[in-house]
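So the sequence shown is numbered by UniProt numbering: it starts at 43 and just counts up by one.
Backbone N, C-alpha and C define an ideal beta-carbon position, used for all residues, glycine too.
Remember, predicted model here, so these are calculated numbers, not experimental data.
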Amino acid sequence: VDPEDRHKGTDGLNAFLHRNREGALRVAKEVDQARANGEQLHELAGVPIAVKDLIVTKGQPTTAASRMLEGWLSPYDATVTKNVRAAKMPILGKTNLDEFAMGSSTEHSAFGPTRNPWDLNRIPGGSGGGSAAAVSAFQAPLALGTDTGGSIRQPAAVTGTVGVKPTYGSVSRYGVIAMASSLDQVGPCSRTVLDSALLHEVIAGHDPQDSTSLNDPVGSFAAAARQGAEDGGLKGLRVGVVKQLTGEGFQAGVQQRFNEAVELLQSAGAEVVEVETPNFEYALGAYYLIMSSEVSSNLAKYDGVRFGLRVVPEGNPTIERVMGASRAAGFGDEVKRRIILGTYALSAGYYDAYYGSAQQVRTLVQRDFNAAFEKVDVLISPTAPTTAFTIGGVDESADPMQMYLNDIATIPTNLAGIPAISLPGGLAPEDDLPVGIQFMAPAREDARVYRAGAGLE
Ligand code: GLN
């Protein structure tokens, strides 16, 4: 595989790290042929798809946007890759991301940032900025993303597209390069809610190769989206506005479009109430401890021996020195920051104070959701506190927390394992940039976010 085959700059976006022109064309031709022969094919057969470069694909490189995996070819397909191949969806290529999915802007990619099609000086969100930018710019009708703390939904919000994080365990993680295993989920990116629903049905389902996979039948997501889009489709839907995810800290135009979305729901016959989730205040802190702890463990396998990059230092190349040199050269700053944070949080003597308390907060966040879902069917909030910010606009070396604050509204759902959707809510008046609206539903009730999303859309 030619590492120059990134076509960086040819369209100004850098959404793709690898393009699979011939492969995609071959599948498209097979679909044509099969249709001509009168074969029954899946509804999405022939519809091209872009795949986030954190998901392994046989015959195409997988880099996680890291120097560490540059030139590495997976010997197998992820289960979700297999699923889209089985539906005969041509894979257009692999999309850019923050290195190992750590970030909210796609600026942490080792292969250069992706740009937002709405304004090339702005970020497309992250970590799945490549998938969102490709869909937003009509380079792909559908894409796959992964969402550990918002990496499908926040990019969808700031690029004016749709993104869904499914219930934890409902889509297989087999072959998805692990960031934080108790939080990671694969999900669809698209331009309409129905398109995400159709793709979700392709990728969901029990997988014995993922030990956290639920043994549930795949839900009727497309039917739910169609129901929500009908006249009166939202009648009687109980919607809770999350008080803790509105107001202070949210850009004025984001709040304005959000308020309008809530009014639209009311006029469509939904019953809107306000709900309190007092423990959300601690969710971001807990997430960054749990996530970094799992990151430090999951990334230990990049030792310069088993995968990708190997740097052999001069002198006596002991295994420790090869490992140290490979990791120093292979990982970017943000990845190193999180490995160090996680290693510290898990170290003897600090374990209870940091990891232990973070797990307790996780339980409290789940309780807040449980209490809220006793009163309402779905919850609603803005997806992200601001519209797309300028590339280089957040000085992370001075204050990495500034970047982390982007995830304030998306993280609680990952901690609780519940499903959520982000869909376009119009443009913020002050900067004419897309605003995202988020619906959340109880675990295993993914169909509800499609009904609500399609109704609002
Ligand atoms: N922005 C979050 C983070 O940096 C989300 C990551 C993700 O969902 N992969 O951790």
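query	result
Using the Cα positions of Thr288 and Ala303, report the straight-line distance between them to the nearest angstrom.	13 Å
Should Gly170 go down as buried or exposed, given a rule of 16 or more other Cβ atoms within 10 Å for buried?	buried
Rounded to whole angstroms, what is the Cα-Cα separation between Val206 and Pro230?	6 Å
Can you name, in chain order, every residue of its own chain whose Cβ lies under 6 Å from the Cβ of His84, other than the five neighbours on each side?	Ala129
Which residues does DSSP list as the beta-bridge partners of Gly205?	Cys231 and Ser464
Under the DSSP definition of a beta bridge, which residues are partnered with Gln75?	BP columns for Gln75 are empty, so no partner.
Look at the alpha carbon of Ala87 and the alpha carbon of Ala182, and state the distance between them as a whole number of angstroms.	14 Å
Exposed or buried, Ala110, counting other C-beta atoms within 10 Å across all chains shown (16 or more means buried)?	Note that residue 110 is Met in the sequence shown here, rather than Ala. The residue in question, Met110, is buried, as its Cβ has 16 or more Cβ neighbours within 10 Å.
For Arg369, is the classification buried or exposed, using 16 other Cβ atoms within 10 angstroms of its Cβ as the cut-off for buried?	buried
Excluding five sequence neighbours on each side, which residues of the same chain lie with their C-beta closer than 7 Å to the C-beta of Ala387?	Leu331, Ser334, Ser335, Tyr396 and Tyr397
Between the Cα of Glu290 and those of Arg233, Phe481 and Ile450, spot the shortest distance and give me the residue it belongs to.	Ile450
For Met482, is the beta carbon positioned less than 7 Å from some heavy atom of ligand 1?	no
Go ahead and label Arg490 buried or exposed: buried means 16 or more other beta carbons lie within 10 angstroms of its beta carbon, across all protein chains shown.	buried
Using three-state DSSP, classify Gly135 as helix, strand or coil.	strand
Hey, Gln480 and Ala458 are a contact pair by Cβ (cut 8 Å); roughly how many whole angstroms apart?	14 Å between Cβ atoms; not a contact.
Would you mind sorting Thr137 into buried or exposed? The rule is 16 or more other CB atoms within 10 Å of its CB.	buried
Classify Pro471 as buried or exposed, calling it buried when 16 or more other Cβ atoms lie within 10 Å of its own Cβ.	exposed
Would you mind listing the beta strand (DSSP E) stretches within the segment 241-313 that are 3+ residues and don't spill past its ends, in chain order?	280-284
What is the rounded straight-line gap between the Cα of Gln102 and the Cα of Pro132?	13 Å
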